[in-house]
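Numbering (the UniProt record's numbering), first residue to last: 1 to 318.
See below for the structure under consideration.
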């Protein structure tokens, strides 16, 4: 018992030290980078604010969410705090400016996070279709995967194609260099990541797992995650040369051996340092590699941070 208490005291000290590292870094470098003062006038249509004939897919810094469809997961006040990573519905996230989604499903097509479940994926697709019907030039990346420990929903690839067929941007490596105008009226890049079922083939309406990559670092320590994100990003090719999407997640993860396992409390350790991360990307010489930037509990400032860098790229300032 005494050793466990001692371990937790040491853990608290470590977290405090790591939070101070980010605070000191922010005081030294600030949060100013090309486009950092830009604010879209309409976040629901922020891509449309840039000329669709000039905005290339590989110029976009895509605001994304982690465990996107968990706003109503589990039981309120009981299990929900341990699995909820977003407070907004998919539709509200789209309206606030989110353009990349991480959707986890189980055998019965219900969205889940670990062992906890929420609504059917039909709700997610309904929200997406509603948004697409209300906008004209917004491109969305939908990553849908079978959650760890679950089986693939039967014939789920066919289901996705039936539901989203008219909007799907078929897999093709030339997509990365195209403008939004060249892809319209198609609007959705859907990445399907089954656990056992066959992966989508080249040229399919769906994209396979290899076209959306990341380096997941499972830690609740904020500067450890921050520094690991920077290291892995620095090892990537520039967005102008690679033929896959690469995601960096501004998140930390509750750990089982820590008494604080509520997602939001842990997330708050790093949530406010998204702009600092972008600033450091410029300082470290890897800003040209940043592409998808995701978070838990997305808000308008996070979206603006990504859209601002997109604007700077469009203007030739980054």
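Don't be surprised by glycine CBs; every beta carbon is placed ideally from N, CA and C.
The model shown is predicted, which means the values in this text are computed figures rather than measured ones.
Residue i versus residue j: straight-line alpha-carbon distance, rounded
| i | j | result |
| --- | --- | --- |
| residue 218 | residue 255 | 8 Å |
| residue 173 | residue 244 | 8 Å |
| residue 36 | residue 197 | 43 Å |
| residue 171 | residue 190 | 9 Å |
| residue 161 | residue 286 | 36 Å |
| residue 55 | residue 49 | 10 Å |
| residue 267 | residue 223 | 12 Å |
| residue 21 | residue 34 | 24 Å |
| residue 95 | residue 43 | 7 Å |
| residue 90 | residue 205 | 22 Å |
| residue 122 | residue 167 | 16 Å |
| residue 249 | residue 293 | 6 Å |
| residue 212 | residue 77 | 34 Å |
Backbone secondary structure at residue i - three-state DSSP
| i | result |
| --- | --- |
| residue 46 | helix |
| residue 38 | coil |
| residue 309 | helix |
| residue 240 | coil |
| residue 92 | helix |
| residue 124 | helix |
| residue 220 | coil |
| residue 148 | coil |
Environment of residue i [buried if 16+ CB atoms lie within 10 Å]
| i | result |
| --- | --- |
| residue 289 | buried |
| residue 24 | exposed |
| residue 133 | exposed |
| residue 154 | exposed |
| residue 202 | exposed |
| residue 39 | exposed |
| residue 210 | exposed |
| residue 165 | exposed |
| residue 169 | buried |
Proximity of residue i and residue j at Cβ, strictly below 8 Å
| i | j | result |
| --- | --- | --- |
| residue 65 | residue 298 | yes |
| residue 258 | residue 220 | yes |
| residue 274 | residue 318 | no |
| residue 291 | residue 62 | yes |
| residue 192 | residue 157 | yes |
| residue 81 | residue 252 | no |
| residue 143 | residue 47 | no |
| residue 277 | residue 229 | yes |
| residue 140 | residue 128 | yes |
Open item on the list: Quick test of the definition: if touching needs 3 or more C-beta pairs under 8 Å, does the stretch 112 to 129 touch the stretch 22 to 40?
Closed with: Touching, no, given that fewer than three Cβ pairs across the two stretches are closer than 8 Å.
Open item on the list: Would you call the stretch 101 to 115 in contact with the stretch 59 to 76, where contact means no fewer than 3 C-beta pairs closer than 8 Å?
Closed with: Verdict: yes, contact present.
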